[in-house]
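Protein chains in written order, with my numbering: chain Z, 31 to 398; chain U, 1278 to 1527.
Heads up: the structure comes next, in structure tokens.
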Ligand SMILES: Nc1ncnc2c1ncn2[C@@H]1O[C@H](COP(=O)(O)OP(=O)(O)OP(=O)(O)O)[C@@H](O)[C@H]1O
Ligand SMILES: [Mg+2]
């Protein structure tokens, strides 16, 4: 116990002695939250949409005005040349073009099926997906409003792909998940370099000639970072709720509790990485690749896990972010209770124990 | 006098892949002895010391340190030895005192003992002036004294010093060796590697290592006499030359 305390204290000295790194530790997650959060927020507002209205009826004009009044789409600054859409996209004068061919108004009154043309600048895949989703939603809403109640909408559809939450407020849905992703990558990065650094500088060699055990070193190194990563988490949650206007309907205390568990799990993964790598650079790369991509792709942050191929679903069980994304969304958006989330938290604890166990087995008290 | 063996090696060998860094070395070191481990760069000195300190597993052969088996009892060995690595390996961003406190805890010293030991070693190694400065800011000679202090905190029976005076001026080296003599008189066994021939003369016995093997061992004076050399340095150079020419004819 005594030794764990001293290792933790020494680690804390290292952190505090280096204000520059400490700055980065706190500034980087805030920056990431700002950039990614802002990027996510931007894709649902102010997409420049050019319209080719060949129908020129009251109905088509009504539809078009709905697009521009939705808040998601803007008119191009100058009337664009629609003969060359590619050029239009390349020059950045529009990101999407809506084409209403002749006959739209009459098809609507006859309740007939009709195709709308939508051309999207695919360079930004997420923007493209968003535009499709909003267009679908707007057109559906338009039909519901126009047709008598009880009439089955004849189906004017553009895309069945719905990537976003139904109320089109993507920031609500994404920002909590984003926090989970950022916390994961930052935490794992923090601890991944601690042991590798001591291997590089040679201080580990000296330490290993003392009777300190692997377990004492690993736990001692983990502890101070739990505090740091937790403060990081508190900072970005506060920042994100203020900045992106995300609701926080659940219990703060519960998020604190589960947040602690989550960062400890992420840090344990970093410790595991650190005990199997020899240099800080490799450790950092490994921390990046094992956290960022899985946390983004396999956590349910963007893509629903149940729609994934089975092997990917299986892998997602060892991705800590999978559990935390549900926890943080549950708490912030739905006010979920501890009973509802206990299973997720238990899974996190299980992963933490697994990571630390593997780290203790892999960490060698010998060198070379 | 009956001498107790505190380090004995029996054909200790370490290979890295197909390269043999330490090749079947056998030797005995007695209690209270200063044993010099000489050899050119890359001879295998550090590799041998690492095996003795439990940092590296031998590929074959074995040995005992403080009565414990180097293959199976590294835990016990670690409690009885102090180690100073060739490269300064304390924490440069921690103060000298924080380093000592940390290592004291690593050796499980209780608070009182630790405080007493830090005070005693600070006094003995004249570290007082530097004790609250970051270790990385100390001049080289003082760093090495600090490293020695850290290795002595738990009053080890055996000290392994890997080139403890590398890059230090002669005056500093002289006082450092004065300290080693005192320790040896107190019964501490000192196993030390060096490049400096004048330091080799201070040792009770030396071994000369070349390409992983021990090619000569004995008291410095006896070795010089037996080889009919003018001094230790000549003997060392002749020995290595002879080895290299026989090596070349193989
Ligand atoms: N981990 C390792 N992997 C591969 N080769 C190694 C390793 N450690 C040492 N060696 C090699 O073993 C040989 C002996 O190295 P060692 O460090 O023991 O020599 P040394 O006598 O201490 O030399 P110096 O006086 O330069 O400190 C060298 O050729 C070195 O390159
Ligand atoms: Mg060496």
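The beta-carbon is built from N, C-alpha and C at its ideal position, and this holds for glycine as well.
It should be emphasised that the depicted structure is a prediction, and the values quoted were computed from it without experimental measurement.
By the Cβ rule, the stretch 349–362 of chain Z counts as touching the stretch 325–332 of chain Z, because three or more pairs are nearer than 8 Å. For the stretch 46–61 of chain Z, the residues whose beta carbon sits under 9 Å from a beta carbon of chain U are, in order, 47, 48.
Residue 1400/U and residue 1371/U have their C-alpha atoms spaced approximately 20 Å apart. Of the candidates 1503/U, 1363/U, 1453/U, 1335/U, 1363/U places its Cα closest to the Cα of residue 236/Z. Linking residue 1490/U to residue 1513/U through their CA atoms gives a straight-line distance of about 14 Å. Remark: the C-beta of residue 1424/U is outside contact range of ligand 1, defined as less than 8 Å to any heavy atom. For residue 233/Z, the distance from the CB to the nearest heavy atom of ligand 2 is not below 8 Å. Collapsing the DSSP output to three states places residue 289/Z in a helix. At a cut-off of 9 Å between C-beta atoms, residue 36/Z counts as an interface residue with respect to chain U. Residue 385/Z: member of the alpha helix (DSSP H) spanning 368–392, first to last residue. Contact of residue 1382/U with chain Z by beta-carbon distance below 7 Å involves 32, 33, 36. The Cβ atoms of residue 258/Z and residue 55/Z lie closer than 9 Å to each other.
Selection 1522/U, 1367/U, 1409/U evaluated against residue 231/Z yields 1367/U as nearest (Cα-Cα).
Looking at the DSSP output, residue 130/Z shares a beta bridge with 83/Z.
For residue 236/Z, the CB stays at least 8 Å from every heavy atom of ligand 2. By a beta-carbon distance limit of 8 Å, residue 129/Z contacts residue 82/Z. Their separation comes to about 5 Å. From the listed residues 1466/U, 1285/U, 1516/U, 1479/U, the smallest Cα separation to residue 1309/U is found for 1466/U. Following the DSSP letters along the chain, one finds residue 121/Z in no alpha helix (DSSP H), marked with neither H nor E. Exclusion of residue 1474/U from the 8 Å shell around ligand 1 follows from its C-beta lying no nearer than that to any non-hydrogen atom of the ligand. The three-state secondary structure of residue 303/Z, taken from DSSP, is helix.
When beta bridges are read from the DSSP output, residue 1315/U appears opposite 1471/U, 1485/U. When 7 Å is used as the limit between beta carbons, residue 1330/U is near these residues of chain Z: 239, in chain order. Burial check for residue 168/Z: the Cβ neighbour count within 10 Å reaches 16 or more, so the residue is buried.
Closest in C-alpha terms to residue 227/Z, from the list 244/Z, 312/Z, 216/Z, 143/Z, comes 312/Z. Pairing residue 1290/U with residue 1327/U, the inter-Cα distance amounts to about 12 Å. Taking 8 Å as the cut-off between beta carbons, none of the residues of the stretch 250–269 of chain Z comes near chain U.
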